[in-house]
Amino acid sequence: MNRKQAQMVFGGILTVAVLGFVVFPWAYRQAAPATGQVITGYVEGTETNISSKIPGRIQELLVREGDEVVPGQIVARLESRELTEQLNQAKAALTGAAAKVPQAEVAQTLTGETVAGQIAQAQANLQAAEAKLAALENGARPQEIEQARAVVMQAQVGAENAALTYQRMEALFQAGAVAAKTRDDAKADADVKAAGLQQAAEKLSLVEAGVRPEEIDGARALVAQAKAALQLAEAARHQVALKDQDITLAQAGLQQAQAVAEGAQAMVDNTVIRAPQKGIITGKFVQPGELVSAGLPIYTVVDVERVWVKAQVPEGLITRLAVGQEIGVQIDGLTGQLTGKLVWINASADFAVKKATQDSGDYDRKTFTVKVELDNGEGLLKNGMTARIILP
3 MNRKQAQMVF GGILTVAVLG FVVFPWAYRQ AAPATGQVIT GYVEGTETNI SSKIPGRIQE
63 LLVREGDEVV PGQIVARLES RELTEQLNQA KAALTGAAAK VPQAEVAQTL TGETVAGQIA
123 QAQANLQAAE AKLAALENGA RPQEIEQARA VVMQAQVGAE NAALTYQRME ALFQAGAVAA
183 KTRDDAKADA DVKAAGLQQA AEKLSLVEAG VRPEEIDGAR ALVAQAKAAL QLAEAARHQV
243 ALKDQDITLA QAGLQQAQAV AEGAQAMVDN TVIRAPQKGI ITGKFVQPGE LVSAGLPIYT
303 VVDVERVWVK AQVPEGLITR LAVGQEIGVQ IDGLTGQLTG KLVWINASAD FAVKKATQDS
363 GDYDRKTFTV KVELDNGEGL LKNGMTARII LP
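In this note's numbering, the protein residues as written are 3 to 394.
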């Protein structure tokens, strides 16, 4: 073999070595795994901590570890005396605030009616004063003068007749024909008729003479006074607006009192602690008399009716799985194989189960979390049991 042939052989060997070094790891990574591979995981149920929304002291615990509970079942109570007192105070304040609303409404109605009445009365008084002033300024009409004269003539006839009657009664009395009372009644009637005649005559004199200037001035003053009274009555309308504001404030106070009472009721209600879900009590973390803060776990409840196996599947096997597949599951302590449904595959890798070495072409082997759901109607599966899922 000459030198050229030796170089060609060496080059071929080098090429094969390089291809082997590069291709072999890739081929190893892409090799299809064998079916029926077993992955170890653990049984889990829906686990929830039962805690209080408010801080307080534990008054009583009503369930123990291992007890079954249903949603809404009372499992514990906090001391509520102080909160109950606050609730009673809030209810009393609510009652007072509720009473203020109708009181404000009644006051508004009464004020409105009163103001309206005052305005109407002032308007009537003004109209009457203006009418009187107009009558005085216009003076007496001819018909009024004739009417006054007719009244005087009638009164004069009555007075004369009454005087004659009295004179006859006096003569008869002197003759002993009538009693003194009859004579006295005739005299009283004559006096009344004479006074009526004088009054009618004076009125006729006033009508014929006309109205004096001071009377017109007085009437004008009455009109001005009536106008001022009307303006004052109309200005009182703002009192109605103030009463409207009182109603608004009373309603706002009622709403605030309702909110406070509802908040106090919620605080009392929160002293009763209920189970958020059905399941088995698996943990109790406090004792009666202890102080607990809001959110501090009091119990742990696990729903084991529907459970799942949670396991870490290597990335080289994850592509064989799809949500909805039936997966075989083996449980320690149970004979036979159970069948579950794959309900979840994590979209992100969790952690590496094998770190890469310094070898060229090596890489971290990562895993993906999966959940295989199982029916646990008989309650045989317990939270935390070791399980093995059999990959298809």
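Glycine residues also receive a C-beta, built at the ideal position from the N, C-alpha and C atoms.
Check	Outcome
Enumerated in chain order, which unbroken segments of the alpha helix (DSSP H) with a length of 4 residues or greater are wholly contained in the stretch 296-380?	317-320
By DSSP's criteria, GLY281 is part of a beta bridge. Which residues make up the other side?	VAL71
Please name the residue in ALA196, ARG308, GLU115 whose C-alpha comes closest to that of GLY160.	ALA196
Hey, could you find the ends of the beta strand (DSSP E) GLY47 is sitting in?	40-53
By a C-beta neighbour count over all protein chains shown, 10 Å radius and 16 as the cutoff for buried, is TYR44 buried or exposed?	exposed
Using DSSP bridges, identify the partner residues of ILE406.	Any question about residue 406 goes unanswered here, given that the chain covers just 3 to 394.
Roughly how many angstroms lie between the CA atoms of ASN385 and GLU84, to the nearest whole one?	40 Å
So, do the stretch 47-54 and the stretch 297-312 have three or more beta carbon pairs nearer to each other than 8 Å?	yes
Among MET269, GLU375, LYS134, whose alpha-carbon lies nearest the alpha-carbon of ALA223?	LYS134
For THR97, is the classification buried or exposed, using 16 other Cβ atoms within 10 angstroms of its Cβ as the cut-off for buried?	exposed
Is GLU107 closer than 8 Å to ILE249 when the C-beta atoms are compared?	yes
Output yes or no for whether 8 Å exceeds the beta carbon distance between LEU376 and GLY342.	yes
Who are the Cβ neighbours of ASP352 in its own chain at under 6 Å, not counting the five residues just before and after it?	THR369, THR371
Is the CB-CB distance between ALA243 and ALA124 below 8 Å?	no
Taking only the alpha-carbon atoms, compute the straight-line gap between GLU62 and THR111 and give it to the nearest angstrom.	54 Å
Compute the distance between the beta-carbons of LEU344 and LEU319, then report whether it is under 8 Å.	no
Three-state secondary structure (DSSP) at ALA161?	helix
Taking the DSSP output, what are the residues bridged to VAL294?	GLY58
My understanding is that VAL262 touches THR48, with C-beta atoms under 8 Å, so please give their C-beta distance in whole angstroms.	Incorrect: roughly 37 Å between the Cβ atoms, too far for contact.
Looking at ALA228 and LEU128, is the spacing between their C-beta atoms short of 8 Å?	yes
Assuming PHE175 and ALA182 are in contact, meaning their beta carbons sit under 8 Å apart, how far apart are those beta carbons, in whole angstroms?	6 Å
Nearest to THR302 by CA position, among VAL288, LEU340, ALA268, is which residue?	VAL288
Within 8 Å, do at least three Cβ pairs link the stretch 269-276 to the stretch 72-81?	yes
Mapping DSSP to helix, strand and coil, what is LEU208?	helix
Using alpha carbons as the reference points, say which of GLU264, ASP186, GLU162 lies closest to LEU172.	Here the sequence assigns Glu to residue 172, which means Leu is not the residue at that position. Nearest C-alpha to GLU172: ASP186.
Please determine, among GLN158, THR184, ALA203, the residue with the shortest C-alpha to C-alpha distance to ARG170.	THR184
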